[in-house]
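Q: Structure provided below as structure tokens; questions to follow.
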Amino acid sequence: MINSFVARLTGGYAVTMLVTLALFGAVTYLGLSRTLDSQLDTGLLAIARSESAYAVDHGRELHVHDSSRLANTSGLHHHVQITTLDGTVLAFSQNVEGPPLPLDPTALAANGAGQTAFRSFGYDQLPHRMLYYPLPHDGTVYSLQVAVSREYLDLVQRRLLQVLAVIGSFALGAATLSGYGLAQRAIAPIRRITETAAAIEEANLGRRIPSSGPDDELARLTRVLNGMLDRLDRAFASRRRFTSDAAHELRSPLTILRTNLELALRRPRSVEEYQEVLQSNLEEVERLITLTNDLLTLAQGDDGPHELRRVPVALDDLVLETVERHQGHAQARGIRLETDLAVAGPPLALDRDRIVQLLDNLLSNALRYTPAGKRVTVRTWQEADETLLAVIDEGIGVAPAEQERIFERFYRSDSARSRAAGGTGLGLSISRLIALQHGGRITLSSEPGQGSRFLVALPNDVAQRS
Ligand code: ADP
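Letter 37 of the sequence shown, counting from 1, is numbered 596 in our numbering, and no numbers are missing.
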């Protein structure tokens, strides 16, 4: 297996060219040889006709032309001989020197049946072609033989073969060279793409592969690779942002912890004072644990499709249980927490803990951002393809410009306000991750000052059901 694309392309090109040239050469050579052979036979026939007319023209004796006239009349240096059908030579041209022309009994027999016959044979150490021509005379059939040397013809054929071989070799060489050149040119942009792609690392992810030339396959490949680099760049940037945000978020409670401890240790304190410091530190530690758990959940989501532990879940029951847990908190804040549940049918195959986590996030946000005296409702219902769950509040709402951004990690519509309200800025990104992991989605429609409606849609197909 050749590893170079250029070598393979050139090789393929050369082999195709070789086959084409060989076919062309064979057709040319065979075609020309055939034409020459049939020309020779036609010539022999013409001579035989004229000789047979001459042979019976002079009374009862059979004659042949003398050699000097023979060469002139036909243009072919030929031998003529007249024999009986059993091979007895009766007359021959004077240029038949040495032994008489060798005779083929089957050809003579053909003459006896009134047919002509052509034979190839060696004579005087040269290849010859001979025509046996029936010659009726005085009630008897004789055989008139006309023979010519094929030496000239063979020479022409040999030359033709040489010319074809030389031209073919040159054509093959030139084609292979130009094929190599073409392959090099074709591969040049791919080399450029490979080199640039190899030089791109995390530090220079902003670099792109330059695209030049027409809008062809290579330009499309460049676009696809650049698109991939865009996505990688964004993914790396968001990861960098996430890491620094996470460090920042972890630092705040740790700084508070350290300050509290330093202050407490500065001088001896009463038991009550120590208890107060420990209580405050416990809250910060709880905050740290919540934050760490959230970060872990998101990190697991980033590592690829998370294995959901799907179990049969009756969604309405699960919502009721969760809402029940939040009732105390809602009452403490003077908020009416209601449900309107309408998911009938068989249970859905869901990761129960994850769906509870999602519901907890949405409910605690709704309670957090809704003032006292207002209402929070959880609705469920079913449509043709999806099971839907909405958490609707009459709270502060989200500005249109921020409605997409609040699903980003660590994004808070108003940092001071949210942090004071106790949020980490990770709840909604975790909720979106859970919805996506279930093959669903989460969307928000909100009117600032009027309230928000977080809608979770989970696929309803039968395969998802247990
Ligand atoms: P946090 O822990 O800060 O609540 P989330 O990811 O859950 O983080 O929410 C991101 C931001 O979206 C919040 O800081 C808040 O500004 C806004 N938000 C979330 N839920 C609501 C809601 N029900 N009403 C108004 N704003 C909300």
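Glycine residues also receive a C-beta, built at the ideal position from the N, C-alpha and C atoms. Quick caveat, the model's predicted, so the values are computed rather than measured.
Only counting runs of 4 or more residues, tell me where the alpha helix (DSSP H) segments fall wholly within the segment 686–735, in order along the chain.
A: Whole alpha helix (DSSP H) segments, 4+ residues: zero.
Q: Classify residue 928 as buried or exposed, calling it buried when 16 or more other Cβ atoms lie within 10 Å of its own Cβ.
A: Under this definition residue 928 is a buried residue.
Q: Tell me the DSSP bridge mates of residue 856?
A: DSSP lists no partner for residue 856.
Q: Rounded to whole angstroms, what is the Cα-Cα separation between residue 643 and residue 615?
A: Taking the straight line from one Cα to the other gives about 14 Å.
Q: Would you say the beta carbon of residue 984 comes nearer than 7 Å to a heavy atom of the ligand ADP?
A: Yes, the ligand ADP has a heavy atom inside 7 Å of this Cβ.
Q: Does the segment 720–727 come into contact with the segment 659–667, if we say contact requires no fewer than three beta-carbon pairs (one atom in each stretch) closer than 8 Å?
A: Touching, no.
Q: Cβ-heavy atom distance between residue 954 and the ligand ADP below 7 Å?
A: Within the cutoff, so yes.
Q: I'd like to know if the segment 848–862 and the segment 882–893 are in contact, where contact means that at least 3 CB-CB pairs between them fall below 8 Å.
A: No, the segment 848–862 is not in contact with the segment 882–893.
Q: Taking buried to mean at least 16 other C-beta atoms within 10 Å of its own C-beta, is residue 669 buried or exposed?
A: So residue 669 ends up on the buried side.
Q: So residue 688 and residue 709 are supposed to be a Cβ contact under 8 Å. How far apart are they, rounded?
A: Right, their Cβ atoms sit about 5 Å apart.
Q: Thinking C-beta only, is residue 682 closer than 8 Å to residue 660?
A: Contact flag set, yes.
Q: List the DSSP bridge partners of residue 679.
A: Its beta-bridge partners are 688.
Q: Leaving aside the five residues before and after residue 673 along the sequence, list all residues of the same chain whose C-beta is less than 6 Å from its C-beta, in chain order.
A: Once the five neighbours on either side are set aside, the close Cβ partners of residue 673 are 693.
Q: Measuring straight from C-alpha to C-alpha, what distance separates residue 631 and residue 609?
A: Residue confidence is low: residue 631 scores 44 on pLDDT, short of 50, so the model does not pin down where it sits. No coordinate-derived value is stated.
Q: What residues in its chain sit with their C-beta under 6 Å from that of residue 690, if we drop five residues either side in the sequence?
A: Same-chain partners within the cutoff: 603, 607, 677 and 705.
Q: Relative to the C-alpha of residue 820, which candidate in 933, 836, 946 and 952 has its C-alpha closest?
A: Looking at the Cα atoms, 836 is the closest of the given residues.
Q: Could you check where the alpha helix (DSSP H) with residue 651 kicks off and where it finishes?
A: No alpha helix (DSSP H) contains residue 651, which is instead part of the beta strand (DSSP E) from 648–651.
Q: Between residue 582 and residue 593, what straight-line distance do the alpha-carbon atoms span, to the nearest angstrom?
A: Distance between the alpha carbons of residue 582 and residue 593 is about 16 Å.
Q: For residue 629, does the count of other Cβ atoms within 10 angstroms reach 16, so buried, or fall short, so exposed?
A: Since pLDDT at residue 629 reaches only 46, below the 50 mark, its modelled position is unreliable, and the value read off the structure follows with that caveat. Looking at its Cβ environment, which holds 16 or more other Cβ atoms inside 10 Å, residue 629 is buried.
Q: In terms of residue numbering, what span does the alpha helix (DSSP H) encompassing residue 795 cover?
A: Segment 776–824, the alpha helix (DSSP H) holding residue 795.
Q: Using a Cβ distance threshold of 8 Å, determine whether the segment 909–917 contacts the segment 949–966, with at least three qualifying pairs required.
A: Too few Cβ pairs lie closer than 8 Å, so no.
Q: For residue 576, count neighbouring Cβ atoms within 10 angstroms of its own Cβ and tell me buried if that reaches 16, exposed if not.
A: It is buried - the Cβ of residue 576 has at least 16 other Cβ atoms within 10 Å.
Q: Flag residue 828 as yes when its Cβ comes closer than 7 Å to any non-hydrogen atom of the ligand ADP, and as no otherwise.
A: Answer for residue 828: no, Cβ out of range of the ligand ADP.
Q: Is residue 925 a contact residue of the ligand COA, with contact defined as CB to any heavy atom under 7 Å?
A: Only the ligand ADP can be found as ligands here, which leaves the ligand COA out of the picture.
Q: Run the proximity test for residue 882: is its beta-carbon closer than 7 Å to any non-hydrogen atom belonging to the ligand ADP?
A: Checking every heavy atom of the ligand ADP against the Cβ of residue 882, none is found closer than 7 Å.
Q: Let me see if you follow: with CB-CB separation under 8 Å, is residue 997 close to chain B or not?
A: This model lacks chain B altogether, as it is built from one protein chain only.
Q: Between the C-alpha atoms of residue 1008 and residue 961, what's the straight-line distance to the nearest angstrom?
A: Spanning the two alpha carbons is a distance of roughly 14 Å.
Q: Work out the CA separation of residue 1012 and residue 956 for me, nearest whole Å.
A: Near 9 Å, if we compare the C-alpha coordinates of residue 1012 and residue 956.
Q: Any chance the CB of residue 766 is under 7 Å from a heavy atom of the ligand ADP?
A: No; taking the cut-off as 7 Å, the Cβ of residue 766 has no heavy atom of the ligand ADP nearer than that.
Q: Residue ranges of each alpha helix (DSSP H) run of no fewer than 4 residues wholly in the segment 887–941, ordered along the chain?
A: Counting whole runs of 4 or more residues, the segment 887–941 contains the alpha helix (DSSP H) stretches 911–927.
Q: CB of residue 1011 to nearest heavy atom of the ligand ADP: below 7 Å?
A: Because some heavy atom of the ligand ADP lies under 7 Å away, the Cβ of residue 1011 counts as near it: yes.
Q: What span of residues does the alpha helix (DSSP H) with residue 996 cover, start to end?
A: Note, residue 996: alpha helix (DSSP H), 986–996.
Q: Can you name the start and end residues of the beta strand (DSSP E) that residue 950 belongs to?
A: Where residue 950 is concerned, the enclosing beta strand (DSSP E) stretches over 945–952.
Q: Tell me whether the segment 759–773 and the segment 783–794 touch, counting them as touching only if at least three CB pairs, one residue from each stretch, are closer than 8 Å.
A: Result yes; three or more Cβ-Cβ pairs closer than 8 Å.
Q: Which residue wins for smallest C-alpha separation from residue 744, given the options 944, 566, 904 and 840?
A: The residue with the shortest Cα to Cα distance from residue 744 is 566.
Q: Is the beta carbon of residue 867 less than 8 Å from the beta carbon of residue 997?
A: Cβ atoms of residue 867 and residue 997: closer than 8 Å.
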